[in-house]
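Structure first, commentary second.
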């Protein structure tokens with residue numbers, strides 16, 4: 001009886017070589033874009049103490065209550081969690097290594113995040129994010145810069161049909177005033193609230209405003225507005241963000257119901273949304289989180305950041321017809337015989353030293369079978385090495401996309417291949 005095959009975990013997908021080329025291209029594009037704004041890379045562990053996310057994200061959130069992959073370490077009993085988002089991990093690393101001691105930090109990271117959700121297009125249990133965090137900046141200029149830089153990336157990638165929504169959540173005192181009024185109002189309409197809203201009524205009522213339940217929309221629309229409770233500093237901050245966006249021609253909509261799903265946000269919040277991915281339309285979101293650094297255990301410091309979903313952005317690019325980019329080979333090396341193999345190894349390594357992409361045939365086989373594989377590759381040319389070529393200290397260069405084959409001395413080989421590449 002044969003062993004049964006083992007499949008990947010549901011919602012955790014393989015990225016196969018052809019598709020991975022698009023990922024590599026995207027990651028290179030993003031890296032250059034971020035470095036153009038002075039952001040530096042930081043890399044955090046996939047696993048953190050569970051307490052970090054409970055403290056940072058909020059215990060009464062969907063992520064902490066229902067979506068985190070948490071477990072006890074069988075070796076020492078530590079409560080650990082696969083990271084569901086990157087901001088808390090990044091702030092923890094900044095505090096642990098005292099990175100804010102001398103100067104503010106512009107940081108970015110990329111990698112896997114994990115949430116136990118129902119898999120659907122653009123939403124997976126293992127997913128990838130690019131995260132951007134600015135720590136130690138208090139002014140509205142950094143909020144606006146992060147939005148402007150996103151607009152630049154969409155233009156660079158050619159992504160269309162995206163809209164920007166912004167809002168302000170004010171500061172702690174104004175949110176507390178609004179919270180009391182919101183609870184009092186929602187209590188009067190308790191019979192209309194669904195089970196999820198009733199569960200959140202006293203723990204996280206602001207999230208009720210983000211509900212998509214059609215039966216609750218009329219009640220939500222008439223709910224007290226947080227904007228009415230904002231103090232003067234928060235209003236001026238938000239107006240300054242809008243002024244910078246207008247200066248750069250960034251079109252936006254103020255959405256008073258945009259509250260984000262994490263407890264740590266304050267003041268500016270924003271989302272870039274597309275209509276082309278169904279319910280999972282948010283491709284990038286973030287905002288200011290001035291209280292988080294102190295919440296995790298550091299000295300109070302302002303901060304602002306955002307994250308973008310890689311799978312969702314790549315889905316948009318593919319919908320627009322982007323093909324998986326290929327990295328063509330320059331050379332496919334065919335050989336037969338022990339001495340020919342030795343020469344083939346040496347030639348292949350010399351060509352790689354010169355920056356050429358070379359595939360050396362492995363696994364043996366006749367010249368005919370090897371040439372069939374060379375023809376099936378995307379190489380520009382094949383190098384054929386047998387006993388005659390070993391004796392002459394040369395190789396046979398055969399163009400694979402048209403042209404005459406020729407014997408080439410080894411000291412002329414690199415130049416001949418480059419000339420062949422330039423002619424294509």
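In my numbering, the protein residues as written are 1 to 424. Even for Gly, the Cβ is constructed at its ideal location relative to N, Cα and C.
Bridge-paired residues (DSSP) for residue i
i, result
"residue 398", "382"
"residue 335", "385"
"residue 304", "134 and 288"
"residue 162", "274"
"residue 120", "123"
"residue 360", "333"
"residue 421", "DSSP output for residue 421 lists no bridge partner at all."
Closest by C-alpha distance to residue i, when choosing among the options
i, options, result
"residue 17", "421, 348, 403 and 324", "324"
"residue 434", "72, 269, 250 and 135", "With the chain covering 1 to 424 only, the question about residue 434 has no answer from this structure."
"residue 400", "392, 29 and 384", "384"
"residue 81", "121, 160, 92 and 64", "64"
"residue 78", "47, 108 and 98", "47"
"residue 21", "194, 410, 138 and 322", "322"
"residue 192", "216, 110 and 165", "216"
"residue 160", "76, 275 and 26", "275"
"residue 296", "5, 30, 29 and 55", "55"
"residue 355", "373, 306, 387 and 415", "415"
"residue 49", "228, 84 and 36", "84"
"residue 418", "368, 388, 352 and 374", "352"
"residue 68", "74, 158, 75 and 51", "51"
"residue 270", "146, 393 and 413", "146"
"residue 313", "119, 73, 123 and 3", "123"
"residue 294", "286, 303 and 287", "303"
"residue 242", "223, 194 and 166", "166"
"residue 53", "171, 264 and 231", "264"
Limits of the alpha helix (DSSP H) - the one that residue i falls within
i, result
"residue 313", "310 to 319"
"residue 148", "140 to 157"
"residue 127", "First-last for residue 127: 126 to 135, but that is the beta strand (DSSP E), not the alpha helix (DSSP H)."
"residue 376", "367 to 376"
"residue 187", "172 to 187"
"residue 409", "Not the alpha helix (DSSP H): residue 409 falls in the beta strand (DSSP E), residues 406 to 409."
"residue 89", "87 to 96"
"residue 197", "195 to 200"
Any chain B beta carbon closer than 9 Å to residue i
i, result
"residue 391", "Looking for chain B here will not work: only one protein chain is present."
Residue i, buried or exposed, once every other Cβ within 10 Å from all chains shown has been counted against 16
i, result
"residue 330", "buried"
"residue 168", "buried"
"residue 406", "exposed"
"residue 249", "exposed"
"residue 110", "buried"
"residue 129", "buried"
"residue 220", "buried"
"residue 144", "buried"
"residue 101", "exposed"
Near the ligand NAD: residue i beta-carbon under 8 Å from a heavy atom
i, result
"residue 390", "Of ligands this structure carries none, so the ligand NAD is not represented either."
Boundaries (first-last residue) of the beta strand (DSSP E) holding residue i
i, result
"residue 106", "105 to 114"
"residue 327", "Taken as a continuous stretch (DSSP letters only), residue 327 belongs to no beta strand (DSSP E), as it is neither H nor E."
| query | At what residue ranges does the stretch 221 to 288 contain a whole run of the alpha helix (DSSP H), taking only runs of 4 or more? | reply | 232 to 247
| For the stretch 6 to 81, which segments carrying the alpha helix (DSSP H) assignment without a break, of at least 4 residues, lie completely within its bounds, in sequence order? | Entirely contained in the stretch 6 to 81, the alpha helix (DSSP H) runs reaching 4 residues are, in chain order, 17 to 35 and 50 to 57.
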